[in-house]
Amino acid sequence: MGACLALCSLASCASCLCGSAPCLLCGCCPSSNNSTITRLVFSFFLLMGTMVSVIMILPGMETQLRKIPGFCQGGTSIPGFENQVDCDVIVGYKSVYRMCFAMACFFFLFSAIMIRVRSSKDPRAAIQNGFWFFKFLILIGITVGAFFIPDGTFHTVWFYFGVVGSFIFILIQLILLIDFAHSWNKIWVENAENTNNKCWFAGLLSFTVLHYALAITAVVLFYVYYTQPDDCTEHKVFISLNLIFCIIISVVSILPKIQEAQPHSGLLQASLISLYTMYVTWSAMTNNPNRKCNPSLLSLVSNVSTTEAPGDSNPGQVQWWDAQGIVGLVIFLFCTLYASIRSSSNTQVNKLMQTEEGVESGGEGVVGEDGVRRAVDNEEEGVTYSYSFFHFHLFLASLYIMMTLTNWYQPDTTTQKMRSSMPAVWVKMSSSWLGLGLYLWTLIAPLIFPDRDFS
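Heads up: the sequence shown runs through residues -16 to -1, 1 to 439, numbered per mature numbering (1 follows the signal peptide of the UniProt record, and there is no 0).
Encoded structure:
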């Protein structure tokens, strides 16, 4: 909890510098938009909670806390101190569940409050863009209360909330990646056409080849290490199906009729989606309880076999730092940052993400009566993103963090351990299939509904 308070104090200092988003970061980016800064600050809150969760789940943290006299229940005490703190709760997977529960409640509360806010003239917009110190106190209060929740069935019930929320968040991540790839392709193609510099085309080709090379390499490694000649039928089906689906979307993306309806579609987007699909496939297979089909990364590198089944971890020893967990956090951080600063010109993705079409042009900061330059209020005529949907996205992100840091392991209330489970495997694979279907829909929708504007 000391680490929690330290990080929280740091955030408090940052949030107390100014009372509202227009003056936050004013010294660094005086021409920034109010909407962008607000999203960055809320994303900072999420990042802060993630850092606290990581610290609480670090190996050896519980051992160090038990060395403090009189701190943990059942530990060695000194006269005048009582053992009041349950160290099994404030570290390990239990602490991650409670920290992420607090963040999820915080963002869900704001998602409900901000429903149907149309412009910054709405009184609720002031709550969205200001009162940061009080928001910080609310988050701290919910966090403290979460650590007093009795064990009981809390972890089991919250695990299923995390599975459902993470399933939706994976789809949102794919939407953001589609948006990023469309914007990336459009900007580089326009630069190449406007400057007659072929290096832009060479760059697009290089990244496309790189993405496909990594995806194909992943498929080969999956067949070698995650399948057996007489076992692992599910893995063989998963890998083969997703390989076929990735080939299909790649072919469809370059069909003449698709190119005519979607001039900016191409292999760059398809390659990036294919690579992400292979990551989700890998992440799903690492949750298979069958040890033969799910070798640990350590055993692959050092040829050391372990007799303990995957997921048989003590409450304070959930190894989130497995390779797929680290990659998952990196993708999560990228998508969260991109969601905070994005200003997309892609109409289909804007509709999916509940945002308005790029109206977030930068301007000159406004100097207030106190001489401080503040950010531009660019939402007087209309919001540039859905406040409610943005908070709902962070709500889902909190659940995704919880599942990632605990490797999607399922709490076992009888043994107090974390175990791999097949539901996590099927959730991830289903999300990959739905994501591929969603990307395919963005390609063929203009052909199916020619009367609608998909420009």
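Ideal placement from N, C-alpha and C gives every residue a C-beta, glycine not left out.
Where residue i and residue j are concerned, what is the direct C-alpha to C-alpha distance, given to the nearest angstrom?
i	j	result
residue 21	residue 276	48 Å
residue 96	residue 372	7 Å
residue 187	residue 262	23 Å
residue 435	residue 245	12 Å
residue 126	residue 91	11 Å
residue 147	residue 180	49 Å
residue 163	residue 106	29 Å
residue 413	residue 273	15 Å
residue 204	residue 367	47 Å
residue 319	residue 381	10 Å
residue 177	residue 193	21 Å
residue 207	residue 18	49 Å
residue 365	residue 109	13 Å
residue 411	residue 172	35 Å
residue 379	residue 314	18 Å
residue 128	residue 118	15 Å
residue 354	residue 122	Its pLDDT being 49, under 50, residue 354 is placed unreliably by the model, and nothing is read from it.
residue 374	residue 27	10 Å
residue 432	residue 231	21 Å
residue 407	residue 132	29 Å
residue 182	residue 191	15 Å
residue 389	residue 137	20 Å
residue 214	residue 383	36 Å
residue 189	residue 405	40 Å
residue 321	residue 226	28 Å
Go through its chain and collect everything with a Cβ distance to residue i's Cβ below 7 Å, but skip five positions before and after it.
i	result
residue 34	385
residue 250	169, 237, 238
residue 202	262, 266
residue 415	151, 154, 155, 264
residue 311	263
In chain order, what residues of the same chain have a beta carbon less than 8 Å from the beta carbon of residue i, not counting five sequence neighbours either side?
i	result
residue 165	252, 253, 256, 257
residue 212	276, 277
residue 418	155
residue 224	none
As a quick exercise: from the options, pick the residue whose alpha carbon is nearest that of residue i.
i	options	result
residue 391	271, 115, 203	271
residue 101	149, 248, 112	112
residue 116	424, 268, 317, 24	24
residue 216	183, 269, 232	269
residue 409	316, 31, 394	394
residue 134	124, 78, 172, 171	78
residue 440	31, 80, 32, 26	Look at the range of the chain in this structure, -16 to 439, and you will see that residue 440 is not part of it.
residue 124	104, 89, 310, 114	89
residue 39	76, 26, 224	76
residue 94	114, 407, 376	376
residue 209	279, 383, 432	279
residue 323	406, 182, 247, 161	161
residue 31	247, 317, 422	317
residue 247	422, 383, 405, 167	167
In its own chain, which residues sit with a C-beta less than 6 Å from the C-beta of residue i, not counting the 5 before and 5 after it?
i	result
residue 29	none
residue 259	195, 198, 199
residue 130	82, 85, 86
residue 387	146, 150
residue 99	372
residue 229	420
residue 175	184
residue 424	233
residue 422	none
- prompt: Would the region 210 to 223 and the region 154 to 168 be scored as touching if the rule is three or more Cβ pairs under 8 Å?
  reply: no
query: Which residue spans inside the region 71 to 143 form an unbroken alpha helix (DSSP H) run of at least 4?
result: 71 to 74, 76 to 97, 107 to 113, 116 to 130
- prompt: Three or more C-beta pairs closer than 8 Å, one from the region 415 to 428 and one from the region 225 to 245: is that the case here?
  reply: yes
message: Any contact between the region 238 to 248 and the region 133 to 148? By contact I mean 3 or more CB pairs, one from each, below 8 Å.
response: no
query: Fully enclosed by the region 198 to 285, which alpha helix (DSSP H) runs are 4 residues long or longer?
result: 217 to 237, 240 to 245, 251 to 269
Minimum length 4: unbroken alpha helix (DSSP H) runs contained in the region 363 to 394: 371 to 389
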